[in-house]
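Worksheet: the structure to be examined is printed underneath.
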Amino acid sequence: MNGELPVGTARAAWLLARLRLQRLLNLATVSMRRKPASGPAMGRAATAGKRRGRWILPLALALLMVLAFALQSQTILTNLHCELTPHSACGSQATPEDLRRAVSAQLREAPFSAPLQRALAMELWLLWLVALLVPLGSRELAQPDWDLEWLVTLPVRRKGLLWARVLERTVTNPTGWLVLWPTMLMIGWHAGLRWSAPLAATAAALALLALAAMVRTLVDTGLRLTLPPSQLRNLQAAISVVSLPLIYLVIALSTGRGGITMDWARAWPGWTLWTPPGLAVQLLDARSLPAALGHAALLVLQAGLLLWAGIALLARQLSAGVVAASSREAARAQRPPPASLRAVPGTALQRRALRLLGRDRTFLVQSLVVPLVIIGSQLFFTGRMEAMAQLGSDQALLASIAFGLGSYVLLLSAFQTINTEGQALWMLYTFPGTLERMLLQKARLWAVLALVYPAAVFAIGIGYAPGIDAGLVTRMALVALGIPVFALIAVALGVWASDPLAQEATARIRPTYVYLYSLLAGLYGFALYTTTLPHRVAVVVLLVALALALWQKARDHLPYLLDPAAAPPPRVSAADGMVAALLFLAVQAIALAVIHRTPGPPALPDLALALAIGGAVVWALVRFVYWRMGTTGVPRFRHGPVLPALLAGAAWAIPAIAAAALYLVAARHFGIPLPRPEGAIALPLLLAIACVAAPLSEEFIFRGLLFGGLRRSLPFAAATIVSAALFAVVHPPPSMLPVFVLGLCTALAYGRNGSLLAAVATHAVYNGAIIAIQA
Numbered sequence: 004m005n006g007e008l009p010v011g012t013a014r015a016a017w018l019l020a021r022l023r024l025q026r027l028l029n030l031a032t033v034s035m036r037r038k039p040a041s042g043p044a045m046g047r048a049a050t051a052g053k054r055r056g057r058w059i060l061p062l063a064l065a066l067l068m069v070l071a072f073a074l075q076s077q078t079i080l081t082n083l084h085c086e087l088t089p090h091s092a093c094g095s096q097a098t099p100e101d102l103r104r105a106v107s108a109q110l111r112e113a114p115f116s117a118p119l120q121r122a123l124a125m126e127l128w129l130l131w132l133v134a135l136l137v138p139l140g141s142r143e144l145a146q147p148d149w150d151l152e153w154l155v156t157l158p159v160r161r162k163g164l165l166w167a168r169v170l171e172r173t174v175t176n177p178t179g180w181l182v183l184w185p186t187m188l189m190i191g192w193h194a195g196l197r198w199s200a201p202l203a204a205t206a207a208a209l210a211l212l213a214l215a216a217m218v219r220t221l222v223d224t225g226l227r228l229t230l231p232p233s234q235l236r237n238l239q240a241a242i243s244v245v246s247l248p249l250i251y252l253v254i255a256l257s258t259g260r261g262g263i264t265m266d267w268a269r270a271w272p273g274w275t276l277w278t279p280p281g282l283a284v285q286l287l288d289a290r291s292l293p294a295a296l297g298h299a300a301l302l303v304l305q306a307g308l309l310l311w312a313g314i315a316l317l318a319r320q321l322s323a324g325v326v327a328a329s330s331r332e333a334a335r336a337q338r339p340p341p342a343s344l345r346a347v348p349g350t351a352l353q354r355r356a357l358r359l360l361g362r363d364r365t366f367l368v369q370s371l372v373v374p375l376v377i378i379g380s381q382l383f384f385t386g387r388m389e390a391m392a393q394l395g396s397d398q399a400l401l402a403s404i405a406f407g408l409g410s411y412v413l414l415l416s417a418f419q420t421i422n423t424e425g426q427a428l429w430m431l432y433t434f435p436g437t438l439e440r441m442l443l444q445k446a447r448l449w450a451v452l453a454l455v456y457p458a459a460v461f462a463i464g465i466g467y468a469p470g471i472d473a474g475l476v477t478r479m480a481l482v483a484l485g486i487p488v489f490a491l492i493a494v495a496l497g498v499w500a501s502d503p504l505a506q507e508a509t510a511r512i513r514p515t516y517v518y519l520y521s522l523l524a525g526l527y528g529f530a531l532y533t534t535t536l537p538h539r540v541a542v543v544v545l546l547v548a549l550a551l552a553l554w555q556k557a558r559d560h561l562p563y564l565l566d567p568a569a570a571p572p573p574r575v576s577a578a579d580g581m582v583a584a585l586l587f588l589a590v591q592a593i594a595l596a597v598i599h600r601t602p603g604p605p606a607l608p609d610l611a612l613a614l615a616i617g618g619a620v621v622w623a624l625v626r627f628v629y630w631r632m633g634t635t636g637v638p639r640f641r642h643g644p645v646l647p648a649l650l651a652g653a654a655w656a657i658p659a660i661a662a663a664a665l666y667l668v669a670a671r672h673f674g675i676p677l678p679r680p681e682g683a684i685a686l687p688l689l690l691a692i693a694c695v696a697a698p699l700s701e702e703f704i705f706r707g708l709l710f711g712g713l714r715r716s717l718p719f720a721a722a723t724i725v726s727a728a729l730f731a732v733v734h735p736p737p738s739m740l741p742v743f744v745l746g747l748c749t750a751l752a753y754g755r756n757g758s759l760l761a762a763v764a765t766h767a768v769y770n771g772a773i774i775a776i777q778a
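If you're matching positions, the sequence shown starts at 4 in the numbering used here and goes up one per residue.
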C-alpha cells in the first residue's frame, strides 16, 4: 500500500487486536448484560427472550478446569522430583499429603536439579504443541478466511494486520492458557515465587502463546494459499489425531507409574533449556533478580526474533494476495448411492448420515479413529499397555475400555449432531417431520455405531477369559445400557452446546458442555468399577433420569435454535426437579455441618432441624425463581377440596404399607440390618420429621417438580416409575425397595387427584405406620 497511512503499524495492530478482543468479550458476556427498558410497542409479547445467567455454568466449569490442571501440574512436579532428583525426601513419607509438603519444602530450599529442569522443559514443550495443534485441528482449514480478506481492505500496512492477528490469537487461545498457565504457576509457586508466581506465569505464558499464534498463522493462513482443499482436510484430520496423544503424554507424568514418558524425561536433551520453553522454566526457577532478568531478556529476545521472522515469512506468503486460487473445488457429478448403502436398514435420514460420514474424511477420522487414539494413548503412555493381556481377568478394566471407546465415539459424533448441519440447519425445519424425531433417529444411529467398539472389546476379552460369569455379564449389560443413554445425553447437550448462528466454526460449540459430558461419563464409569449393587442402581437411575430431563429441555429449545432473541416459555420441567433435589441434599448437608459440631454421628434433633431447613430453603427459592420467571405449571399443595384429597392419599398409603410390612418381615428373616430410633425423645421427634417435614419437602420436589415435569414428555406409567426410582435411590440402601413402592403410590395419588396434599397424606400415613410397626 502506497501513500501516507493514518496510523502506524504498531498502533494499527493494537487497535485491530483490541477490536477483535472486544468482539470476543461481547460474545462471551452477551448473556450477562441487561437489555435497556423498552416500551410496550417495542417488546415481544408472544415469545420470551433468551435467558440470562448462562454464564454461571461456563464460569464454574472453567474454574474447576483451571483448578484440576493446577493440581495435576503439582502432581507432575512432585513425581518428576521424586523420580529424577537424587537424595530427595520422597521415600520417607507415609501419606501423599506428607509427600507433597516435603517436596514443596525441598524445592523451595534450592534451585531445581538439572534433570528436573530438563523434564519440566519437556513438559512445557508438549503443552506448547497442544496449545498449537488443538486450535488448528478444531478449525476448518479448507474454508476461506473471510476475516483476513476483510482486514486487507483497511488503510493499514499488511504487517500491521499480521501483527494484530498474532496478538489476538495470543490472548484468545483458551486451550493454551488452560494447559500452560497452571503448569507455570505451579513451577513458580514451588520455586519460591509464591504470590508473585501468577504474574510471572502470565508473562512466560504470553511469550510461548505468541510463538504458538505465529506458527498457527503460518499454517492456516499461508498453507491455505498453496494447498488444495482436499489436502487441507487431510492435514486437519492428521492434526486432530496427533494432538490427542500429546495430551496423554503429559497426563502420564501424573500417574507415578514410570513408563515411557518418564524414560523420555530422563533422556531429554539439555540444550532444550535454551529454547523458549526451557528459558521459561529457568525464569520461573531463578532464585535471584539478576538471574531472572537475564533469562527474561533471553526469552524476550528469542521470542522477538522468531516473531519477526514469522511476520516476514507471512508477508512473503501474502505478497500475491490473500485469496487462494485453489479455494474453489471442482463440482463432482452426482452419482446415485451404491446399492449396498440403499440396502442398509434404517430410515432415509440415517442412511443420509452414513453417506455424509463416508464423504467427510475429517468427520470420519474424528468420529471413528480418534476414540481409538485416545484410549490407546491412555494405555500406552500410562504404562498400562501390558494390562491388555489381562483383559480376560480384569473385568472392570475391560468394561471401562469398552465404555470409554463408546462414550468417546458419542462425544465426537452424536454431540456434534446440530453442529455438523452448519448453516444448512434451517433445511431440517422444512422436512415433513419434527426436528425432535430426526434427532432421535440420529441418536439411535450413533448409539448403534458406538456399540460396535464395546462389542469388539468384549469379544477380545471373552477370548482371553477362562469363562463367562455373572460379573462379566452384568458389566456387559451396564455398557449396553449406558451407550444408548449417553447417546441421548450427547444429542441433548449438543443442542445446548451448539450455536448455529455463530459465524466462526470454533464458536459454534461451547466447550463447557464437553466438560459436563465428560464428568457424567466418569460418573457412569464408577458404576462399572464398583461391585456394590445399590451404588450401581443409584448411578444408573440418576443418569437415566438426567438423560430424560436433558432431552426434555433440549426438545423445548429446538424451535428457537435459529432465533437469536427468542426462548421457550418457562415451564416446570424434570430438570427443575433434579436441580431442586440436589439443592435439597446440599442445603441439608450444609445446615447439618453448621448445627452439628460435636464428634460422633449427628443426633436426631440435628437431623430434624437440617431436614426442615433444607425443605424450607428449597421451597422458598423455587417459588421465588418461578415467580420471577413467570413459570407455568407450578405444583400446588391444594387443588380442589381438602378432605377428599386427604382421604385419597390415606387410601393410596395402604398398598405401600403392606409392601413395606412384607419387606420388614423378609429383612428380619434374612438378618438385614435396618435403622431404628434410639432414646426416649427419639420417637416423638421422629414422628414430627417423618409425618410433617419430610412429606412436605420431598413431595414438592419429587412429585410436584420431578414427576410433574416428566409428565410433559413421558406417559403416565413411565413418569411414575422414573420419579419413584429416583426417589428411592436418594434414601439409604436398606430402604430403597419399600421407598420405591411408596414413590409409586404417592405419584398415583398426586396424578389421580391433582393435589400435592394427597401425596403428602400418603407419605405421612406410610411413615407413621412404619414407625408404629417398628416401635
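Note that the Cβ used here is the ideal one computed from N, Cα and C, for glycine as well.
| query | Under a three-way DSSP split, which group does Ala772 fall into? | reply | Correct three-state label for Ala772: helix.
| Segment contact flag, the segment 261-280 with the segment 123-131, C-beta cutoff 8 Å, min 3 pairs | With the rule of 3 Cβ pairs closer than 8 Å, the segment 261-280 counts as touching the segment 123-131.
| Got a sec: is the Cβ-Cβ distance from Asn422 to anything in chain C below 9 Å? | Among the chains of the structure shown, chain C does not appear; only one protein chain is present.
| field | Buried or exposed by the 16-neighbour rule on C-beta atoms within 10 Å, applied to Met45 | value | A caution first: Met45 carries a pLDDT of 44, below 50, which makes its placement in the model too unreliable to give a value.
| Under the three-state DSSP convention, the category Ala113 falls into | Three-state DSSP puts Ala113 in coil, outside helix and strand.
| message | DSSP three-state label for Ala569, please. | response | Three-state result, Ala569: strand.
| query | Are Leu129 and Val253 close, meaning C-beta to C-beta below 9 Å? | reply | Cβ distance < 9 Å, so Leu129 and Val253 count as in contact.
| message | On the DSSP letters alone, give me the boundaries of the alpha helix (DSSP H) that Trp184 sits inside. | response | That run of the alpha helix (DSSP H) goes Pro177 to His193.
| message | Quick check on the DSSP output: the alpha helix (DSSP H) that includes Gly636 runs from which residue to which? | response | Here Gly636 belongs to no alpha helix (DSSP H), and DSSP marks it neither H nor E.
| task | For Ser501, count neighbouring C-beta atoms within 10 Å of its own C-beta (all shown protein chains included) and say buried if the count is 16 or more, exposed if not. | result | Classification of Ser501: buried, given that the 10 Å Cβ count is 16 or more.
| task | Provide the residue span of the alpha helix (DSSP H) that contains Asp579, from first to last. | result | Where Asp579 is concerned, the enclosing alpha helix (DSSP H) stretches over Ala577 to Ile598.
| For the candidate residues Ala613, Pro602 and Gly409, whose alpha-carbon lies nearest to that of Leu595? | Among Ala613, Pro602 and Gly409, the Cα nearest to that of Leu595 is on Ala613.
| Cα-Cα separation between Val482 and Leu448, rounded to whole angstroms | Near 17 Å, if we compare the C-alpha coordinates of Leu448 and Val482.
| Residue of Ser199, Val575, Asp397 and Ala727 minimising C-alpha distance to Arg715 | Per the C-alpha coordinates, the member of Ser199, Val575, Asp397 and Ala727 positioned closest to Arg715 is Val575.
| field | Supposed close pair Leu408, Val372 - CB separation, criterion 8 Å | value | With 8 Å as the limit, Leu408 and Val372 do not qualify as a contact, their Cβ atoms being about 11 Å apart.
| Neighbour-count burial assignment, Arg755, 16 or more Cβ in a 10 Å radius | With fewer than 16 Cβ atoms within 10 Å of its Cβ, Arg755 is classed as exposed.
| From Thr173 to Thr533, what does the alpha carbon distance come to, in whole angstroms? | Between Thr173 and Thr533, the C-alpha separation is close to 44 Å.
| query | Within this structure, are the beta carbons of Met189 and Ser322 separated by less than 9 Å? | reply | Contact flag unset, no.
| message | Taking a contact to mean a Cβ-Cβ separation below 9 Å, would you say Met187 touches Ala204 in this structure? | response | Going by C-beta atoms, Met187 is nearer than 9 Å to Ala204.
| query | With burial defined as no fewer than 16 other Cβ atoms inside 10 Å of the residue's Cβ, what is the status of Asp579: buried or exposed? | reply | By the beta-carbon neighbour count (other beta carbons within 10 angstroms, threshold 16), Asp579 is buried.
| field | C-alpha distance - Ala402 paired with Val455, whole-angstrom precision | value | Computed Cα separation, rounded: 14 Å.
| Can you name the start and end residues of the alpha helix (DSSP H) that Trp449 belongs to? | Residues Leu438 to Tyr467.
| message | Which of the three DSSP states is assigned to Arg714 in this structure? | response | Secondary structure of Arg714 (DSSP, three-state): coil.
| task | Spell out the partners DSSP gives Arg103 in its beta bridges. | result | Beta-bridge pairing links Arg103 to no other residue.
| field | Residues near Ala557 by beta carbon distance below 6 Å, same chain, minus five either side | value | Here the set comprises Ala495 and Val498.
| query | Buried or exposed: where does Ser14 fall if 16 or more other Cβ atoms within 10 Å of its Cβ makes it buried? | reply | The displayed chain sequence assigns Arg, not Ser, to residue 14. Classified as exposed, Arg14 has fewer than 16 neighbouring CB atoms from the shown chains inside 10 Å of its CB.
| message | Just to confirm my understanding: we take Val763, look at its own chain, exclude 5 residues before and 5 after, and list those with CB closer than 8 Å. What are they? | response | The residues are Phe640, Gly652, Pro698, Leu699 and Glu702.
| message | Rounded to whole angstroms, what is the Cα-Cα separation between Ala550 and Leu443? | response | Ala550 and Leu443: Cα-Cα distance of roughly 13 Å.
| Any idea what DSSP makes of Arg574, helix, strand or coil? | Strand.
| Using 8 Å as the threshold, is the segment 103-123 in touch with the segment 219-226, meaning 3 or more CB pairs across them? | They do not touch, by the three-pair rule.
| field | Spatial neighbours of Ala552 in its chain, beta-carbon cut-off 6 Å, leaving aside the 5 residues before and after | value | Contacts found: Ala577, Ala578 and Met581.
| query | Is Leu729 helix, strand or coil when you go by DSSP? | reply | When secondary structure is reduced to three states using DSSP, Leu729 falls in the helix class.
| query | Looking at the structure shown, is Trp429 part of a helix, part of a strand, or coil, going by DSSP? | reply | Trp429 falls in the helix class under three-state DSSP.
| Backbone CA spacing between Pro248 and Thr749 [nearest angstrom] | Rounded to whole angstroms, Pro248 to Thr749 spans 52 Å at the Cα level.
| Start-to-end residues for the alpha helix (DSSP H) that takes in Gly361 | It spans Ala351 to Arg362 - the alpha helix (DSSP H) in which Gly361 sits, taken as one unbroken run.
| field | Neighbour-count burial assignment, Ile773, 16 or more Cβ in a 10 Å radius | value | Buried is the call here.
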